[in-house]
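Chemist:
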Amino acid sequence: MASSQEEVTLLGVIGSPFACRVKIALKLKGVEYKYVEENLVNKSELLHKSNPVHKKVFGAAQKAVFTADEKEREKNVEEEHEALQFLENEIKDKKFFGGEEVGLVDIAAVYLAFWIPMFQEIAGLELFTSEKFPKLYKWSQQILNHPVAKRMSAP
């Protein structure tokens, strides 16, 4: 990184798929950065300053597969399966979505490899398995074994 460039600071929280995506992208591009762990209960001035439009940072907004309503839960799981099937169809027999190298889609989808297994265990669901999505599962193992991803600490 040239000395005339500003220092890159990444604000994040442990387990954030968003911060993880940025870390992977920066490492792949060889960009040096300083990581600052944020406390979302007591947000830092830097975090507020970095988000001047809204003056607040939203917490994780995930569609609940954890709902108590069984019909809603089944509907949510079905929607997740449809999205995963789309990715399964796109990966085909490639190592990564872009071919032989990790690309933007791989970085965007990295949460599948890191976080979905944890959510499955917590919710008692089988959303993403090698039986249901063999090509996507193979991709997830390849992305987890990529040298950059191996250096990342999964939550």
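Read in UniProt numbering, the sequence shown has 55 at position 55, and its numbers run on one by one without any break. Beta carbons are placed, not taken as given, at the ideal position from N, Cα and C, and that holds for glycine. Note that the structure is predicted; figures quoted are calculated from it, not measured.
1) Buried or exposed, going by whether 16 or more other CB atoms sit within 10 Å of the CB of residue 97?
2) For residue 91, count neighbouring C-beta atoms within 10 Å of its own C-beta (all shown protein chains included) and say buried if the count is 16 or more, exposed if not.
3) Of the residues 10, 17, 122, which one's Cα is nearest the Cα of residue 32?
4) Let me know the secondary structure DSSP gives residue 74 once reduced to three states.
5) Candidates 123, 105, 101: which alpha carbon is nearest residue 87's?
6) Can you name the residues that DSSP bridges to residue 84?
7) Quick check on residue 96: does DSSP put it in helix, strand or coil?
8) Which partner residues does residue 129 have in the DSSP bridge list?
9) Going by DSSP in three states, residue 34 sits in which element: helix, strand or coil?
10) Assuming residue 8 is part of the beta strand (DSSP E), what are its boundary residues?
11) Which one of 141, 127, 103 has the shortest CA to CA distance from residue 25?
12) To the nearest angstrom, report how far apart residue 140 and residue 133 are at their CA atoms.
13) Take the Cβ of residue 35 as the centre, count every other Cβ of all protein chains shown within 10 Å, and call the residue buried at 16 or more, exposed below.
14) Assuming the contact rule is C-beta atoms closer than 8 Å, residue 113 and residue 144 should be a hit. Round their C-beta distance to whole Å, please.
Modeler: So, from the listed chains and residues:
1) Buried, because 16 or more other Cβ atoms sit within 10 Å of the Cβ of residue 97.
2) buried
3) 10
4) helix
5) 105
6) According to DSSP, which records beta bridges pairwise, residue 84 is partnered with nothing at all.
7) strand
8) DSSP lists no partner for residue 129.
9) strand
10) 8–12
11) Selection 141, 127, 103 evaluated against residue 25 yields 103 as nearest (Cα-Cα).
12) 10 Å
13) exposed
14) Confirmed, about 5 Å.
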